[in-house]
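Participant: Handing you a structure now.
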Amino acid sequence: MSTILTLIEKWAKERGNETFLIGPETGETVSFSQLLAHVEDIDRRLSAGGIERGEKVAFLMENGLWSAILFVGVMASGRVIVPLNAVSGDDQLRYVLDHSDSRVLLVTETYRERAGTIMQGIDRDITRIPTHVERGPEWPWEAAAEAGGEAPEPEDIGLLIYTSGTTGLPKGALLSHRSVIAGGRYTVEAHALTAEDRALCVLPLYHINGEIVTVIAPLYSGGSLVIPYKYSTSAFWKWIERYHCTWFSVVPTIIAYVLDKASETAEHVKNGEGFRQVRFGRSASSALSPEMHKAFEESFGIRIVETMGLTETAAQILSNPLPPATGKYGSPGIPYGNEVRVVDENGNELPRGEVGELAVRGDNLMSGYYKNPEATAGALKGDGWFYTGDLGFQDEDDYFFITGRIKELIIKGGENVAPREIDEVLLQHTGVLEAAAYAIPDERYGQEIMACVVPSEGVELSEQALQDYCVEKLGRFKAPRQVSVVRWVPKGPSGKIQRLKIPDMLEELRTTPPPETSNMSQD
Numbered sequence: 001m002s003t004i005l006t007l008i009e010k011w012a013k014e015r016g017n018e019t020f021l022i023g024p025e026t027g028e029t030v031s032f033s034q035l036l037a038h039v040e041d042i043d044r045r046l047s048a049g050g051i052e053r054g055e056k057v058a059f060l061m062e063n064g065l066w067s068a069i070l071f072v073g074v075m076a077s078g079r080v081i082v083p084l085n086a087v088s089g090d091d092q093l094r095y096v097l098d099h100s101d102s103r104v105l106l107v108t109e110t111y112r113e114r115a116g117t118i119m120q121g122i123d124r125d126i127t128r129i130p131t132h133v134e135r136g137p138e139w140p141w142e143a144a145a146e147a148g149g150e151a152p153e154p155e156d157i158g159l160l161i162y163t164s165g166t167t168g169l170p171k172g173a174l175l176s177h178r179s180v181i182a183g184g185r186y187t188v189e190a191h192a193l194t195a196e197d198r199a200l201c202v203l204p205l206y207h208i209n210g211e212i213v214t215v216i217a218p219l220y221s222g223g224s225l226v227i228p229y230k231y232s233t234s235a236f237w238k239w240i241e242r243y244h245c246t247w248f249s250v251v252p253t254i255i256a257y258v259l260d261k262a263s264e265t266a267e268h269v270k271n272g273e274g275f276r277q278v279r280f281g282r283s284a285s286s287a288l289s290p291e292m293h294k295a296f297e298e299s300f301g302i303r304i305v306e307t308m309g310l311t312e313t314a315a316q317i318l319s320n321p322l323p324p325a326t327g328k329y330g331s332p333g334i335p336y337g338n339e340v341r342v343v344d345e346n347g348n349e350l351p352r353g354e355v356g357e358l359a360v361r362g363d364n365l366m367s368g369y370y371k372n373p374e375a376t377a378g379a380l381k382g383d384g385w386f387y388t389g390d391l392g393f394q395d396e397d398d399y400f401f402i403t404g405r406i407k408e409l410i411i412k413g414g415e416n417v418a419p420r421e422i423d424e425v426l427l428q429h430t431g432v433l434e435a436a437a438y439a440i441p442d443e444r445y446g447q448e449i450m451a452c453v454v455p456s457e458g459v460e461l462s463e464q465a466l467q468d469y470c471v472e473k474l475g476r477f478k479a480p481r482q483v484s485v486v487r488w489v490p491k492g493p494s495g496k497i498q499r500l501k502i503p504d505m506l507e508e509l510r511t512t513p514p515p516e517t518s519n520m521s522q523d
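When the letters of the sequence shown are read in order and numbered with full-length UniProt numbering, they come out as residues 1 to 523.
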């Protein structure tokens, strides 16, 4: 059984001079041999600083070569990497840094002041190490003469990653080397990745999708990846063309951004020689509407493979197959590597077509939640099954369909209404870029359905016309009482809409510009 270290050693021996990482802003590359040298240096530096095997090393950084090097390098050194979600509030960042027991914080200039703020109030010594996006850490320690101890084992924890905390304090999922590598392996199996494939990584390395799918999967297959500092719509296709990327992994928000500029780029992408090598694009982390899915494929001539993954499962649990198989719109697909089933509240497997909770079993599962045995017991149950909190069903062809989250389900007058059903209707309306249905308390029905939409660039939408449209498509009972036009909707790091936050934020969503993020630019 492999570890991150043995994978890197394998490719350094077999493909040492081949490129693993490319930074498009500078054109700089990192080979597998260079990656192994960085790993050895990281190990000796941490050893010199007294950071022992199994201790936690956090980072607060934008993407780039050094984010990827440190992400895999800290794990390979036998320590635990703790990525900090740069779009979280200061209170959540302070909680994660404190709760994780991190001994070290690697931080780039972009976040230097924030790091100082969040470290206030933490009653523990944390070594803050300035890290340059191009040159790497300014280590305060000379490298030790030797590495710090035994190499990591497959069951050792390599990654401690915190959930987005939509309903309370974030929970830290403990992922072993076995789990991390299984997540990469399942991605490789689903997408038939080889050493000849090159990914474009535009998702942040503080989220499981970017970490496992576009870093660990290429590491497992011996492939390569292009990793810019942040996503940019205007540069997206240029990166793919210039660096001959064969695939990319994105979230529906990015697909919406790219589609919004289709009039400027679609013909070049669909007919250009520089895109012949692109095998597929991959969508994950939140539901992709069938309408948007089909529009992207028709506009650009590139197959989008919808998938599903979770933090606690080291990313992927489901994927649609590649061509020539057709897959199914509106479904995240079928299992690759792990087992997935639909169960009732007692854990009994349900017949095809019946809605229940998705449960997952496989090598990719987390070991548990850090310092949270109660949450661990509630999620990891008998015979090694992880209960996801997602509602859905399996059809007769083995494809799974997700209807929503248990905590986000709207119960109006005793009837269950899945917010996604409302979203998909609104997304069919011309000029709607994003949509989010949610619940508010109601004396008559218990809960009432509401919704908000973000218009496409340059489009004006009438709230009354949107509400009338929903009545026509859904009927009066399921139609939102009100549809609000907003400038943005709150999302987690993966792009997943945080519906439970919307009622308290509605005025802010209407009037303020969207917050800046560390790796997302619509321009």
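Where a beta carbon is used, it is the ideal one built from N, C-alpha and C, also for glycine.
Compare the beta carbon distance of Ile255 and Leu203 with 8 Å and say whether it is the shorter of the two.
Facilitator: Contact flag unset, no.
Participant: Going straight from the alpha carbon of Arg198 to that of His244, what length do you get?
Facilitator: Between Arg198 and His244, the C-alpha separation is close to 7 Å.
Participant: Enumerate in chain order the residues of its own chain whose CB-to-CB distance from residue 591 is below 6 Å, with the five nearest sequence positions on each side excluded.
Facilitator: There is no way to answer for residue 591, as the model of the chain reaches only from 1 to 523.
Participant: Classify Leu36 as helix, strand or coil using the three-state DSSP reduction.
Facilitator: Reduced to three states, the DSSP call for Leu36 is helix.
Participant: So is Ile118 buried or exposed if we call it buried at 16+ other beta carbons inside 10 Å?
Facilitator: So Ile118 ends up on the buried side.
Participant: Taking the alpha-carbon of Arg279 as reference, which of Asp260, Thr265 and Arg303 has the nearest alpha-carbon?
Facilitator: That would be Arg303, whose Cα lies nearest to the Cα of Arg279.
Participant: Classify Asn348 as buried or exposed, calling it buried when 16 or more other Cβ atoms lie within 10 Å of its own Cβ.
Facilitator: Looking at its Cβ environment, which holds fewer than 16 other Cβ atoms inside 10 Å, Asn348 is exposed.
Participant: To which residues of the same chain is Ser176 closer than 7 Å at the C-beta, ignoring the five residues directly before and after it?
Facilitator: Pro154, Glu155, Asp156, Ile157, Gly158 and Ser367, listed in sequence order.
Participant: List, from N- to C-terminal side, the beta strand (DSSP E) runs of 3 residues or more that fit wholly inside the region 347-430.
Facilitator: Qualifying beta strand (DSSP E) stretches, in chain order: 356-361, 385-394, 400-405, 410-412 and 415-417.
Participant: Just to confirm, does Thr131 get its C-beta within under 7 Å of one of the non-hydrogen atoms of the ligand GTP?
Facilitator: As for the ligand GTP, it is missing from this structure, which has no ligand bound.
Participant: According to DSSP, is Phe477 helix, strand or coil?
Facilitator: DSSP places Phe477 in coil when its eight states are reduced to three.
Participant: Shortest alpha-carbon distance to Val360 belongs to which of Phe32, Gly384, Ser331 and Arg352?
Facilitator: Cα-wise, what sits closest to Val360 is Gly384.
Participant: What do you get for Phe477, buried or exposed, if any count of 16 or more other CB atoms within 10 angstroms of its CB means buried?
Facilitator: Counting Cβ neighbours within 10 Å, Phe477 comes out exposed, since fewer than 16 surround it.
Participant: For the region 60-138, which segments carrying the beta strand (DSSP E) assignment without a break, of at least 3 residues, lie completely within its bounds, in sequence order?
Facilitator: Segments of the beta strand (DSSP E) lying fully in the region 60-138: 80-83, 102-107 and 127-132.
Participant: Return helix, strand or coil for Arg282, following the three-state DSSP convention.
Facilitator: It is a strand residue.
Participant: Quick check on the DSSP output: the beta strand (DSSP E) that includes Val340 runs from which residue to which?
Facilitator: Taken as a continuous stretch (DSSP letters only), the beta strand (DSSP E) holding Val340 covers Glu339 to Val343.
Participant: Check for me: the alpha helix (DSSP H) holding Tyr257 runs from which residue to which?
Facilitator: Pro252 to Asp260 is the extent of the alpha helix (DSSP H) around Tyr257.
Participant: Given a cut-off of 8 Å on the beta-carbon distance, is the pair Leu36 and Val30 in contact?
Facilitator: No; because the gap between Cβ atoms is not below 8 Å, this pair is not in contact.
Participant: Excluding the five sequence neighbours on either side, which residues of its own chain have a C-beta within less than 8 Å of the C-beta of Ile410, listed in chain order?
Facilitator: Result list for Ile410: Asn416, Val417, Ala418, Pro419, Ala437, Tyr438, Ala439, Gln447 and Ile449, in chain order.
Participant: From Glu396 to Pro351, what does the alpha carbon distance come to, in whole angstroms?
Facilitator: Roughly 10 Å between the two C-alpha positions.
Participant: Say whether the region 106-114 touches the region 371-380, bearing in mind that this needs 3 or more beta-carbon pairs closer than 8 Å, one atom from each stretch.
Facilitator: Counting Cβ pairs under 8 Å, fewer than three are found: no touch.
Participant: Taking the DSSP output, what are the residues bridged to Lys491?
Facilitator: Answer is Ile497.
Participant: Whose CA, out of Ala325, Thr253, Tyr387 and Gly23, lies closest to the CA of Tyr229?
Facilitator: Cα-wise, what sits closest to Tyr229 is Gly23.
Participant: Using a Cβ distance threshold of 8 Å, determine whether the region 285-301 contacts the region 322-338, with at least three qualifying pairs required.
Facilitator: The region 285-301, when compared against the region 322-338, does touch it at the 8 Å Cβ threshold.
Participant: Quick check on Leu311: does DSSP put it in helix, strand or coil?
Facilitator: Sequence inspection shows Thr at residue 311; the Leu mentioned does not correspond to that position. Here Thr311 sits in helix by DSSP.
Participant: Buried or exposed: which applies to Arg282, given that a residue is buried once 16 or more other Cβ atoms fall within 10 Å of its Cβ?
Facilitator: Buried: at least 16 other Cβ atoms inside 10 Å.
Participant: With burial defined as no fewer than 16 other Cβ atoms inside 10 Å of the residue's Cβ, what is the status of Gly309: buried or exposed?
Facilitator: Answer is buried; the Cβ neighbour count reaches 16.
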